[in-house]
């Protein structure tokens with residue numbers, strides 16, 4: 002399985018949604034907070050993750066064979082700081098009610114009352130990653146967040162410094178970022 006790039010790992014889980022629960026699941030997913038308030042922010046090391054409802058396969062015409070799903074599926078994908086086991090612990094722990102509500106719409110979800118069974122469920126419904134590319138394979142999430150914060154600071158500085166002369170620009174740079 003090609004689920005690693007440096008220290009970064011990939012996880013894809015595909016679980017069948019119980020009949021009649023697809024609309025509820027969509028509503029739950031659309032109502033999730035984003036950013037620091039996202040339940041996925043409680044899973045340490047998550048660089049990017051999302052849930053997607055797959056209602057049906059796309060038929061692109063001949064020569065593709067027409068194939069249809071009997072049920073809709075919930076696909077969860079995540080890029081995170083490895084290894085897998087602690088990440089699964091986080092998905093089956095700190096996410097709590099949100100994870101239970103979301104995966105609770107899927108056939109066979111045991112609930113977080115039994116974390117070992119919940120982890121086994123995710124592993125049983127895991128798909129092999131055939132190609133995983135990490136933008137920063139050696140950088141852990143805190144390093145990436147610091148780099149993004151620095152980029153934002155430099156961008157604000159550049160916008161605010163438009164039209165300054167060389168001396169005042171150098172002084173402003175040293176005041177903002179330090180240096181001789």
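Residue numbers (this note's numbering): 2 to 181. We put the CB at the ideal spot given by N, CA and C, even for glycine. Note that the coordinates shown come from a computational prediction; the quantities given were computed from them, not determined experimentally.
- Taken in chain order, the whole beta strand (DSSP E) runs of length 3 or more contained in the segment 44-106 are 47-55, 74-82.
- Of the candidates 147, 90, 40, 52, the residue whose Cα lies closest to the Cα of residue 15 is 52.
- Here DSSP, grouped into helix, strand and coil, assigns residue 127 to strand.
- In the structure shown, residue 134 adopts coil according to DSSP, grouped into three states.
- The straight-line gap separating the alpha-carbon atoms of residue 165 and residue 149 is approximately 25 Å.
- Residue burial is scored here from C-beta neighbours: residue 103 has at least 16 other C-beta atoms within 10 angstroms and is therefore classed as buried.
- For the pair residue 80 and residue 173, the CB atoms are not nearer than the 8 Å cut-off.
- Residues 39, 40, 99 of the same chain have their beta carbon placed closer than 8 Å to that of residue 33, with the five preceding and five following residues left out of the count.
- Looking at 94, 106, 35, the one whose alpha-carbon comes closest to that of residue 21 is 106.
- Bridge partners of residue 12 according to DSSP: 79.
- According to the DSSP secondary-structure assignment, residue 152 is paired through a beta bridge with no residue.
- The residue from 44, 167, 48 with its alpha-carbon nearest to that of residue 147 is 48.
- Annotation: residue 134 to residue 169 spans about 42 Å, alpha carbon to alpha carbon.
- Here residue 45 has 91 as same chain residues with Cβ atoms under 7 Å from its own Cβ, once five neighbours each way along the sequence are excluded.
- The criterion of a C-beta distance shorter than 8 Å is satisfied by residue 128 and residue 13.
- Here the alpha carbons of residue 65 and residue 76 stand approximately 23 Å from one another.
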